[in-house]
Structures are given as structure tokens and as C-alpha cells.
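Residue numbers (the numbering used here), protein chains in the order written: chain A, 10 to 709; chain B, 7 to 288. Each residue gets a CB set at the ideal place from its N, CA and C atoms; glycine is no exception.
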Amino acid sequence: MTATQAPGKSVGAPISRVEGHLKVRGAATYAYEHRLDEPAYLHPLQSTIANGRVAKIDASRAEAEPGVVAVLTHENAPKLEAVGDAELEILQNGEVGFRGQFIGAVIADTFEAARYAAGLVEIEYEERETDADFRPDRDDLYTPEQLNAGFEPDTSVGDVDGALASAAVKFDATYTTPREHNNPMEPHSSIAVWDEGELTLYESTQGVYWTQNTIAPLFGLDAEKVHVISPHVGGGFGSKGLPHANVVLAALAAMLVEGRPVKFALTRHMMFSVAGYRTPTIQRIRLGADAEGKLSAICNDVVEQTSKIKEFAEQTGTSARMMYDSSNIQTTHLLAALDVAVPSWLRAPGEAPGMFALESAMDEMAIECDLDPVEFRIMNEPEKDLESGLPFSSRGLVACLREGAERFGWDGRNPTPRSERDGRWLVGTGVASSVYPVFSMGGNAATIRADSDGKYVVEIGAADIGTGTWTTLGQIAADELGVSFEDVEMKIGDTKFPNASGAGGSSGITSWGSTLVEAARSLREKIEAEHGGNIPDEGVEASAKMPKNPHRKEYAMYAFGAHFVEARVDEDTGEVRVPRMTSVFAAGRIINAKTARSQFMGGMVMGLSAALHEESVLDTRFGHVVNHDFAEYHIPTNADVGELDISWIEEDDPYVNPMGSKGIGEIGIVGSAAAVANAVYHATGTRVRELPITPDKLIS
Amino acid sequence: MIPLKFDYEVAESAQHAVELLGQHGDEAKLLAGGHSLLPIMKLRLAAPTVLIDIGRLNDLNYVREDGDKLAIGAMTRHTDVEHSDLVKSECGILAYTAGLVGDPQVRHRGTIGGSLAHGDAASDLPGVFLALDAEFKITGSGGDRTIAAADFFEDYLMTALAPDEILTEVRVPKLNGAGWSYRKFNRRAQDWAVVGVGAILERSNGSISSARIGFTNMASVPVRASATEQALSGASVDSIAEAAESAADGTSPSSDIAASSEFRQHLARVLTKRALDEALSR
């Protein structure tokens with residue numbers, strides 16, 4: 010829909026994305042597609058061992074190949090500053106920390122020549138024993154100093170052991186989630202150009218300033234010497250949040266051919282070795298409850314993986330700290346550091362695997378307590394955030410559960426497993442809750458210029474990774490300026506615009522939107538105070554930084570949701586189909602009903618995918634992912650996704666930000682895998698605690 | 007992503023293709039629809055130095071009646087087999103299974119002969135042709151010959167085709183009222199079969215006179231469910247469930263990330279029963 014919105018009435022409307030026509034016509038310029046003169050092409054050299062060092066590297070045959078411009082290795086690589094990040098400090102020595110790590114690159118006049126010559130480089134290794142075996146009984150597990158996003162690794166409230174010992178109903182089970190890879194449609198891509206000591210990066214990134222702030226110190230540069238341009242991004246799911254070594258490799262290579270652009274796009278295969286992934290997790294959940302089903306103990310003990318060369322500690326257990334009411338709550342995190350690639354963010358790091366375990370366990374505990382799983386959750390609703398002690402700014406979980414139950418037709422459900430069948434199909438239903446924090450990120454500023462013709466130009470270095478930012482920020486600005494959506498032009502995705510945080514942690518709209526509101530208010534005041542309410546002929550502009558939100562110290566801020574799933578399981582083959590899914594979200598004010606629906610839907614399907622399909626299989630002998638392409642790493646096709654009923658409740662939260670919005674990029678994936686698993690249990694009577702739920706696990 | 011360098015020749019006739027094969031030796035490969043060959047070349051699992059394009063041999067694109075058989079040209083596209091009225095009425099299992107191959111793009115480019123000559127036991131068609139007791143007509147420098155499907159598939163991606171031979175036609179019997187079914191199991195739409203079962207059941211006087219059952223992806227070559235076939239020969243229609251229990255006997259399918267060997271055997275038994283039940287009712 011492109012109908013004109015009345016002034017001040019853009020937010021909430023289902024406005025089609027403004028750049029949609031460019032994408033449909035193939036005219037949107039993605040990172041690799043910027044037309045620059047005489048580009049050179051990079052093909053990387055990747056380690057074929059998981060642990061050791063490069064003993065000898067002979068590039069003479071490659072260098073002699075027609076079209077080859079240079080071969081980059083640790084022997085001739087420019088020196089990087091030591092910033093304490095072994096993932097990014099590549100080619101500074103011959104050390105190899107994981108299979109697939111970049112150990113060099115061929116730069117050539119054509120992509121074909123670069124790739125061909127890469128095969129001519131002769132490499133000898135001194136190999137050390139590979140340790141890539143992720144097990145909970147390793148004797149070298151350790152507690153990290155902090156988890157991703159700064160969370161405490163271990164927390165304890167009350168006396169969990171005592172509460173469990175005296176609980177009328179006790180539950181103890183272990184869940185596992187597999188290694189998963191992000192795999193946006195657009196692989197990570199860069200064009201790097203050096204010119205007189207300044208670096209320009211045409212990037213596919215979730216944050217142009219995040220890239221700038223990470224890359225500049227590595228090359229010993231002031232931040233403003235690194236220009237990052239990223240108008241359109243074909244998905245990221247966290248893997249383009251912070252730059253990976255591919256960006257460094259392109260920039261190093263471009264130094265060897267100063268003045269000439271170097272192009273480098275990862276292949277799909279490379280996406281499984283160098284661009285981050287979700288750690289596998291092993292989660293022991295213990296719950297205790299009294300005879301009525303009131304929880305007295307909640308405990309999640311997490312074991313997960315990191316890389317020996319760089320620590321990443323997923324905050325898997327954090328949702329257990331605040332989700333349900335209990336006087337006794339404990340969470341712990343242990344890491345196994347292995348000779349593997351560096352794990353990183355994947356849509357809802359922490360909540361996605363953590364809520365699979367917790368919400369599966371809540372389903373099992375409801376059954377133990379002989380309670381309906383919806384009612385069991387509602388009766389354990391907390392009055393405040395038990396981790397911070399703060400009240401919730403708003404908490405719509407109960408409303409989502411009630412509304413979802415109504416829409417789905419939950420009432421009258423026979424709780425007995427295997428109670429419904431349709432021929433050979435066993436039919437079951439399941440429910441799970443969802444949660445995601447309302448993060449806000451610092452370092453945002455925006456400039457808005459008003460022209461005398463009543464048009465406004467809004468500049469902020471924000472990112473649209475397919476989420477709709479080009480459109481939604483325009484809606485926010487238009488409403489705050491009191492003008493129609495069509496009169497606002499957004500400028501984002503470039504470090505020539507004011508400083509901005511990235512698209513991550515579902516924080517984009519909160520951070521950028523708050524900044525735009527402040528800038529719009531400044532501009533209106535300026536027009537009023539200095540120009541008598543009229544825009545002068547020469548135009549007028551105002552800038553603002555993101556104001557501090559005083560309510561952050563007063564309230565705990567989260568979005569919530571509830572998923573209801575129908576699963577059908579072929580009792581002979583174990584084939585699982587999900588014909589319908591109803592999800593209801595409480596995510597504050599929805600900025601754009603159309604792009605929001607897409608965000609929720611994408612998250613839900615990604616959860617369905619985690620439930621039934623996704624699993625990166627690591628060969629522990631050699632440390633590489635075996636199923637490193639879409640033929641073998643399964644994600645569902647449209648034909649595998651049933652009817653999706655997506656809605657949200659009206660939620661007025663005056664505390665989260667001036668828009669009253671909460672982030673929505675991640676909440677759709679959280680809990681959805683558990684809802685599928687719970688429905689599969691209800692259909693079959695078989696509880697699968699290890700994702701993905703493959704057919705063999707349902708055949709005894 | 008990008009194959010190694012290769013030369014490209016266009017064959018003007020089947021005989022010309024044979025001559026070109028003779029010139030270039032065993033480093034040459036025939037290019038039909040290309041939907042199996044080109045992906046493995048891009049993955050560099052195959053690196054022929056010459057491709058001989060037989061895509062313009064339109065005289066090998068046909069479906070004809072030939073007495074009690076159907077003759078299908080090797081260059082007939084899957085989609086043409088799927089939608090052929092003749093195939094649908096006389097050999098329904100073939101039309102149905104051709105409609106399950108890959109996705110619409112694959113079915114519009116890929117050819118029957120290409121699928122068979124590629125010899126992938128995980129493809130849907132080879133097991134069905136085996137169950138049909140099909141015959142394959144081959145032209146080579148030594149002249150023409152005909153080979154039974156049972157003798158055609160030799161090992162993983164290996165067939166009885168000599169380096170200078172080309173498959174020109176496949177011949178399948180008309181089903182003449184025999185019941186049939188093909189059951190494919192996959193976890194994701196349009197994916198390869200984890201296991202597939204093709205069954206053809208001939209009935210007389212309320213009992214089963216013969217059952218022919220071919221498997222997809224239960225070995226390195228397409229194989230028959232011999233024990234079940236024997237158990238059903240001349241047996242009562244009530245014996246299907248029991249006979250299907252022996253469907254996986256003698257098989258040792260591979261274990262991979264899609265399924266374990268044991269789970270494939272389980273699927274083979276389940277799908278065989280379902281295929282036989284459906285064939286009986288058809």
C-alpha cells in the first residue's frame with residue numbers, strides 16, 4: 010500500500026517499503042554491486058587444518074598466473090595493530106586456530122583468475138592435534154567473566170537446592186540445541202579501497218559505525234578515516250553485526266593494490282566457516298513446584314562452546330532469570346573452548362536456545378502438575394523482574410497467551426497425548442511463551458533539514474538489513490514533524506550521515522527512533538523560535554543526540570509473545586508437518602503493520618526451522634562443518650510452512666522510548682521451536698529434547 | 007561455483023555425438039539437460055575437458071506407442087513425460103514420478119535419458135525404471151545394443167554405458183491395468199528422497215500374480231525388494247503387510263546426515279507397505 014498518510018498519522022500504518030521497487034527491479038545497490046573503476050577480485054586461502062601453523066607457503070606458481078595482481082600471505086601482509094582480537098588480527102603470523110581460517114588471498118584482475126590461482130598456492134602446515142569435541146563431561150569447562158551483552162554468567166537468588174529438595178513436584182531434564190549458521194540470502198560482501206591513508210568500505214553490514222569502530226583501530230586509523238557505505242543489506246541475522254575477518258582480509262588486500270578497489274564476497278561454503286554461528290548448547294533445567302503448581306525453584310545450568318582464539322559466551326540462561334515467578338532461581342554458564350571457528354550472534358542469541366529448553370520444561374512441568382500449560386504459565390506470572398527487582402514497564406505475556414488461545418482454539422484441548430488422529434497422522438497442539446529485552450544502544454545522532462517547499466531530509470547512519478528501516482524511520486520522523494510520510498526523505502546506511510548504532514539486539518528502532526524524535530523536536534522548536542513558525546527560503550536544519558531514557562533505571566523492559574502450534578506426525582515414518590501456527594505479540598506500539606508482520610513471520614519460520622531442520626554437523630576429527638550448503642543444511646521451503654496467524658495486542662508503554670515501541674526483530678524466533686516440540690509431544694507422547702526433531706527420533 | 011575450463015561441442019545427431027565421444031575419449035561428457043552434470047562440475051566433483059551438447063537432438067524427444075510397450079526418447083524432458091497423455095494412461099507410475107523430480111526448473115530442463123545415464127540411485131526415476139523392467143537402447147561406435155535396466159546400473163554413479171556410447175531410448179511395458187504407486191519420503195519439500203519406493207502389482211482372480219518393487223536411495227545403485235517380491239508372487243492380497251516386513255532384507259543403505267542406515271531400512275518397510283496398499287487399490 011502506498012496511499013498518502015495524513016500528517017502525523019504514519020506510525021502504525023502498513024506502508025510498503027519505500028525501496029521495494031528498487032529491490033524488485035534489481036536496482037538496489039548491494040555491497041558487491043557498486044560500480045567502481047578497475048576492480049580487483051579476491052579469492053581467499055583458507056586453512057585446511059583446525060590447529061597448527063603454516064610452515065611454508067609458496068605462491069610462485071600463483072603469482073606467475075596471467076591476471077594475478079598479488080598474493081597476500083602472512084609473510085607479506087601489512088601489520089595490524091594489536092587490538093586483542095585474534096579473529097580479526099589475521100595474517101600476522103602463520104598460526105591457525107580453526108579450519109577455514111583465512112591464511113592468505115589471491116588478488117587478480119578477474120574473479121576466475123583469482124580463484125584459479127588460489128588453487129596453485131602450495132601450503133605446508135605443522136599440524137597440532139585437533140580438539141573440537143563438544144561434550145558436557147570435559148574437565149576443562151570454565152566460567153566466563155561475563156556473557157554476551159554484559160550479563161553475569163552465574164546468578165543465584167534464594168536457595169534452589171533447598172527448594173528443589175522440598176518441592177512437591179520436581180522436574181529435572183537436559184535439553185540440547187545444535188550448532189546453527191546464520192545464512193542470510195546475501196553472503197557477506199565487501200569492496201575495499203585505500204586512498205591516501207583512508208579506507209572506504211562498501212559493506213554488507215548491520216551497522217556502518219560498528220564496522221568503522223572495529224576496523225579503524227586495527228589499521229591504526231582515526232575512526233573518520235574509515236568510510237563505510239551500506240545502503241542495502243540482504244539479511245544478517247546477527248552475522249553482519251560486528252565485522253568478521255573477511256572485511257579485514259579485503260582491506261589488507263586493498264593495501265597491496267592501493268587505489269584499486271578489491272571486491273570480496275563469501276561463497277555459501279565460506280559462510281559456514283568464517284561468518285559466525287550459534288553455539289551448540291546443553292541445558293539442564295530443574296524446576297520445583299508446590300502441589301498446586303506454583304513454582305518454587307527454577308534452574309538452568311548451561312554448557313556451551315566457544316573458540317580457543319576468541320571467547321563468545323551466549324547468554325543462554327538469562328530468560329530463566331525473569332520469565333516466571335519463583336523465590337529461588339539459579340543460572341550457570343560453562344564454556345568449552347575448542348579448535349573451532351568463533352561463534353557469534355544469531356537472531357536472539359541467548360533467548361532462542363534458552364527458551365527452547367525453558368519452555369519445553371514448562372510444558373513438561375505443567376503435565377507433571379496436571380495443569381493446562383497456558384494456565385500453568387499464567388499462574389506463575391511474576392509481579393516484577395526478579396533479576397533487577399524493578400517493575401516491568403509493561404508485561405503482556407498473559408494477554409498474549411489468552412488472545413492466542415482464543416485465536417487458535419485452545420480451549421477444550423484434550424491434554425492426553427495421542428488423543429487425536431487423522432488416519433496415520435497423529436495430531437497435537439502445543440504452546441510456548443516468548444520474550445525479548447528492549448535493548449537501547451548508545452552513540453546515536455541525527456540531522457533533519459527542512460526545505461522551504463515543505464520537504465524534509467533526515468540523516469542518520471542507521472541500517473536496513475531487510476527489516477524496513479528506510480520506511481519505518483521515515484514514519485517516525487514524519488509523525489514527530491507533523492508532516493505526511495511522503496514529505497520525508499530518509500538517508501541511512503553511510504558513515505557520511507550522523508553516528509548511529511547498528512541493527513542488533515532488536516534495538517534499532519528504539520535507538521534511532523528516539524534520536525529522530527529528539528531531532529524533530531529540536532527542528533520544530535528552531536523553526537518556531539528563530540523563524541516564526543515558517544521554514545525560511547534557505548531551509549533550516551537541526552541535529553540531536555539520543556537523549557538518555559530516565560525510565561531505564563526504574564523499569565525492566567521486555568517484549569513478550571505466545572506461540573500456539575498444531576503439529577501432525579506420521580506415526581510410521583516420523584514425518585512432522587506444522588499446518589498452522591498462531592502467534593500473538595506484545596511489543597509496544599507497532600511502527601509499520603506490514604514490515605512488522607514480516608519480521609514476526611520471519612522469526613516464527615526461523616523457529617520452525619530450528620525445531621525441525623537446522624543443524625550444522627561438525628566433523629570433530631577435522632573441525633569443519635560437513636553440510637556446508639543449502640542442499641544439506643536444511644531450511645524450510647514455502648511448501649514446508651503452513652498457515653501463519655500473526656497478530657499483536659495493543660500495548661501502551663510510555664517508558665520504553667518516545668514511540669512506545671519495543672524491538673521486534675528477534676521475538677518471533679524465541680519460543681517457537683519449543684511450541685513445535687510441545688505440539689509434537691502432545692501428538693505422539695514422545696518428548697524430543699534434542700533439536701532438531703528429525704523423524705528417526707519419533708520412531709522407537 | 008565455477009567449473010574448471012572445458013571445451014564445448016554441439017552434436018548434430020546421435021551418431022555425431024558418438025563420433026565426438028570417439029574423438030575426445032573418456033574426458034568428454036554428454037550434456038543433456040545439465041541439471042545433474044553442471045552442479046557437480048561447479049562443485050568440481052567432475053571436471054570433463056569437453057562437453058558434447060546433445061540438447062538440440064530434438065528427434066530424441068518423443069513418446070511413442072510400440073505394441074505392448076512405450077518408447078521414450080532419451081532427450082524427453084521430465085515435464086513432457088509427466089504431462090504425456092500416453093504415459094499417463096499406459097504407464098502412470100512414470101508420469102507421476104517424473105512429476106516429483108526436483109523442482110519445476112529441473113523438470114523443464116532435465117531429461118529422462120540424462121537422469122538414467124547419470125545413474126544416481128538417490129534420483130527418483132532409476133528405481134522406477136528398474137521396477138518396470140525397462141530396456142535401454144544404446145548407440146555406440148560398435149553399433150546399437152539394448153540392455154535391461156537390471157544390468158544398466160553398475161555402481162555409484164556408474165552405468166554400463168561405455169565412454170563412446172549414448173543412451174537414445176528407453177522402453178517400458180504398458181501397465182495394462184496393473185496397480186502402481188511411488189512413495190517418496192523427504193523432510194523438506196522438493197528435496198532428494200531419503201528413501202523412495204516404486205511398486206507395480208499385477209492381480210488375477212483376487213490374488214497377486216506378481217509384484218515388482220524398486221527402491222530409491224537404498225544402495226549405491228537402484229535395487230529391488232526381492233524378498234517382498236518373492237513373498238507376494240501368487241500370494242493373497244492379505245499378505246501385503248507381512249511381505250512388506252521383509253522389504254529391507256538384504257539391503258545395507260548408507261548412513262548420512264539425512265538418515266541412518268537403520269532408519270532407511272525402517273522407511274523402506276513402511277513405504278513398501280504403503281506403496282503396495284496403494285497399488286492394490288489403483
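Taking the alpha carbon of residue i as the reference point, which residue from the options has its own alpha carbon closest?
{"i": "L51 of chain B", "options": "B:V200, B:T234, B:G204, B:P9", "result": "B:P9"}
{"i": "A172 of chain A", "options": "A:L406, A:V466, A:I307, A:A596", "result": "A:I307"}
{"i": "T164 of chain A", "options": "A:T209, A:D142, A:D310", "result": "A:D310"}
{"i": "R193 of chain B", "options": "A:D168, A:E161, A:N666, A:H643", "result": "A:H643"}
{"i": "M7 of chain B", "options": "A:G522, A:R293, A:L275, A:D431", "result": "A:L275"}
{"i": "A154 of chain B", "options": "B:I172, B:D170, B:F135", "result": "B:F135"}
{"i": "G31 of chain B", "options": "B:K75, B:E171, B:A137", "result": "B:E171"}
{"i": "I132 of chain A", "options": "A:S69, A:T186, A:P187", "result": "A:S69"}
{"i": "G21 of chain A", "options": "A:V467, A:V80, A:V444, A:G483", "result": "A:G483"}
{"i": "R530 of chain A", "options": "A:A357, A:A551, A:S516", "result": "A:A551"}
{"i": "Q29 of chain B", "options": "B:A17, B:D74, B:L122", "result": "B:A17"}
{"i": "V63 of chain A", "options": "A:T82, A:A71, A:G76", "result": "A:T82"}
{"i": "E580 of chain A", "options": "B:S216, B:L273, B:L286, B:A285", "result": "B:L273"}
{"i": "F365 of chain A", "options": "A:T186, A:G93, A:I238, A:L265", "result": "A:T186"}
{"i": "L181 of chain B", "options": "B:L173, B:G73, B:R280, B:D157", "result": "B:G73"}
{"i": "Q271 of chain B", "options": "B:G256, B:I263, B:T82", "result": "B:G256"}
{"i": "E641 of chain A", "options": "A:G29, A:E189, A:E138", "result": "A:E189"}
{"i": "G120 of chain B", "options": "B:A104, B:M81, B:A140", "result": "B:M81"}
{"i": "L277 of chain B", "options": "B:D262, B:A233, B:A195, B:F191", "result": "B:F191"}
{"i": "D372 of chain A", "options": "A:A682, A:D628, A:E539", "result": "A:A682"}
For the beta strand (DSSP E) containing residue i, list its first residue and its last residue.
{"i": "I144 of chain B", "result": "141-146"}
{"i": "G28 of chain B", "result": "Looking at the DSSP string, G28 of chain B is not in any beta strand (DSSP E); the run it does join, the alpha helix (DSSP H), is 20-30."}
How far does the alpha helix (DSSP H) with residue i in it reach, from first residue to last?
{"i": "F273 of chain A", "result": "That residue, F273 of chain A, is in no alpha helix (DSSP H); its beta strand (DSSP E) goes 271-274."}
{"i": "N687 of chain A", "result": "681-693"}
{"i": "V257 of chain A", "result": "254-265"}
{"i": "T222 of chain B", "result": "Not the alpha helix (DSSP H): T222 of chain B falls in the beta strand (DSSP E), residues 213-222."}
{"i": "Q271 of chain B", "result": "267-287"}
{"i": "D86 of chain B", "result": "84-89"}
{"i": "K48 of chain B", "result": "43-48"}
{"i": "I78 of chain B", "result": "Per DSSP, I78 of chain B belongs to no alpha helix (DSSP H); it is in the beta strand (DSSP E), 75-79."}
{"i": "T220 of chain A", "result": "217-227"}
Run through chain A and tell me which residues come within less than 9 Å of residue i, C-beta to C-beta.
{"i": "V243 of chain B", "result": "Ordered by position in chain A, no residue passes the 9 Å Cβ test against V243 of chain B, which lies about 20 Å from the chain."}
{"i": "F269 of chain B", "result": "G583, T703, P704, D705, I708"}
{"i": "S266 of chain B", "result": "D705"}
Strictly below 7 Å CB to CB, what residues from chain A border residue i?
{"i": "L273 of chain B", "result": "T582"}
{"i": "I328 of chain B", "result": "Nothing about residue 328 of chain B can be read from this structure; chain B reaches only from 7 to 288."}
{"i": "F12 of chain B", "result": "The contacting residues do not exist; F12 of chain B stays about 13 Å from chain A at best."}
{"i": "I8 of chain B", "result": "E121, R124"}
Whose Cβ in chain B lies nearer than 8 Å to the Cβ of residue i?
{"i": "A648 of chain A", "result": "A195, Q196"}
{"i": "H622 of chain A", "result": "R193, R194"}
Starting from residue i, find everything on chain B with Cβ-Cβ shorter than 7 Å and list it in chain order.
{"i": "R430 of chain A", "result": "What R430 of chain A touches in chain B: nothing, since even the nearest Cβ is about 16 Å away."}
For residue i, which residues in chain A fall below 8 Å Cβ to Cβ?
{"i": "V276 of chain B", "result": "D581, T582"}
If we define contact as Cβ-Cβ less than 8 Å, is residue i a contact residue for chain C?
{"i": "T276 of chain A", "result": "Protein chains in the displayed structure are A and B, and chain C is not among them."}
What does residue i touch in chain B if you count any residue whose Cβ is under 9 Å from its own?
{"i": "P645 of chain A", "result": "R194, A195"}
Notebook entry, point to check: Should the segment 367-386 of chain A be called in touch with the segment 624-640 of chain A, which here means at least 3 C-beta pairs below 8 Å?
Noted result: no
Notebook entry, point to check: Which parts of the segment 112-142 of chain A are runs of the beta strand (DSSP E), unbroken and 3 residues or longer, counting only runs that do not cross its ends?
Noted result: 131-136
Note to self: I'd like to know if the segment 180-188 of chain A and the segment 692-700 of chain A are in contact, where contact means that at least 3 CB-CB pairs between them fall below 8 Å.
What the structure shows: yes
Checklist line | Ordered list of alpha helix (DSSP H) runs contained in the segment 36-73 of chain A, each at least 4 residues | finding: 69-72
Check: If we count Cβ pairs, one from each stretch, closer than 8 Å, do we get three or more for the segment 382-398 of chain A versus the segment 313-323 of chain A?
Finding: no
Note to self: Any contact between the segment 428-440 of chain A and the segment 465-475 of chain A? By contact I mean 3 or more CB pairs, one from each, below 8 Å.
What the structure shows: no
Next item on the list: Evaluate the contact criterion for the segment 489-506 of chain A versus the segment 455-469 of chain A: three or more CB pairs, one atom per stretch, below 8 Å.
Entry: yes
Note to self: If contact is defined by three or more beta carbon pairs under 8 Å, each pair taking one atom from either stretch, is the segment 606-621 of chain A in contact with the segment 16-25 of chain B?
What the structure shows: no
Notebook entry, point to check: Quick check: the segment 85-97 of chain B against the segment 37-56 of chain B, are there 3 or more CB pairs under 8 Å?
Noted result: no
Check: Per the contact definition of three or more C-beta pairs closer than 8 Å, is the segment 347-361 of chain A in contact with the segment 400-413 of chain A?
Finding: no
Next item on the list: Scan the segment 383-469 of chain A and note each continuous alpha helix (DSSP H) run of 4 residues or more that stays entirely inside, going in chain order.
Entry: 406-417
Checklist line | Continuous beta strand (DSSP E) assignments of at least 3 residues falling wholly in the segment 611-674 of chain A | finding: 652-657
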